[in-house]
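All letters in the sequence shown, in the order written, are residues 248 to 367 by my numbering.
Even glycine gets a Cβ: it sits at the ideal position worked out from N, Cα and C.
Please read all numbers here as calculations on a predicted model, not as lab measurements.
Scroll down for the structure; my scribbles are underneath it.
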Amino acid sequence: MRFLIDECVLGKTVKLLRNSGFSVITIQELGKASATNGTVINIANKEKSVIITTDLDFGNLILYPLGSHPGIIVLRPRLDTPEAIDDVHRILLSLLKELKSSEIKESLIIVDRNKYRIKK
Numbered sequence: 248m249r250f251l252i253d254e255c256v257l258g259k260t261v262k263l264l265r266n267s268g269f270s271v272i273t274i275q276e277l278g279k280a281s282a283t284n285g286t287v288i289n290i291a292n293k294e295k296s297v298i299i300t301t302d303l304d305f306g307n308l309i310l311y312p313l314g315s316h317p318g319i320i321v322l323r324p325r326l327d328t329p330e331a332i333d334d335v336h337r338i339l340l341s342l343l344k345e346l347k348s349s350e351i352k353e354s355l356i357i358v359d360r361n362k363y364r365i366k367k
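Structure, rendered in structure tokens:
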């Protein structure tokens with residue numbers, strides 16, 4: 248499974264995912280910094296990559312209905328303290344190890360400091 252990392256995600260998160268063996272590409276590495284959400288969705292569809300973002304707009308099922316994308320993982324709350332970052336990273340790694348790729352595909356997953364919720 249590949250992940251497309253939105254520009255709002257911390258470099259620390261990208262490093263954690265790469266160090267954990269996940270295939271990751273960032274919007275910036277693709278030369279698409281400041282891309283619109285629609286562009287991010289289009290790139291994810293083309294690359295067949297699950298989006299990881301902190302942009303809560305991606306959690307809008309009207310704008311981004313289930314099945315219209317390879318999958319979206321929204322990290323919240325905004326990662327503004329070291330403790331929040333560590334907690335969200337712990338939950339993120341846990342879900343990526345627990346869930347099969349088929350459970351992530353075309354779903355919306357919301358990750359907070361204590362748990363994750365999946366909409367399929």
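With fewer than 16 other Cβ atoms from the protein chains shown falling within 10 Å of its own Cβ, S270 counts as exposed. Secondary structure note for R364: its beta strand (DSSP E) is the uninterrupted segment 363-366. When secondary structure is reduced to three states using DSSP, T328 falls in the coil class, being assigned neither helix nor strand.
The beta carbons of L322 and V261 sit no closer together than 9 Å.
Closest in alpha carbon position to L277, among G268, A291, L264, is A291. Within the region 302-349, the complete alpha helix (DSSP H) segments of 4 residues or longer fall at 329-345, listed in chain order.
In this structure, L340 lies away from V297, with their beta-carbon atoms at least 9 Å apart.
By the CB criterion at 9 Å, G314 and E353 fall inside the cutoff. Taking a 10 Å sphere around the C-beta of I309, we find fewer than 16 other C-beta atoms and assign the residue as exposed.
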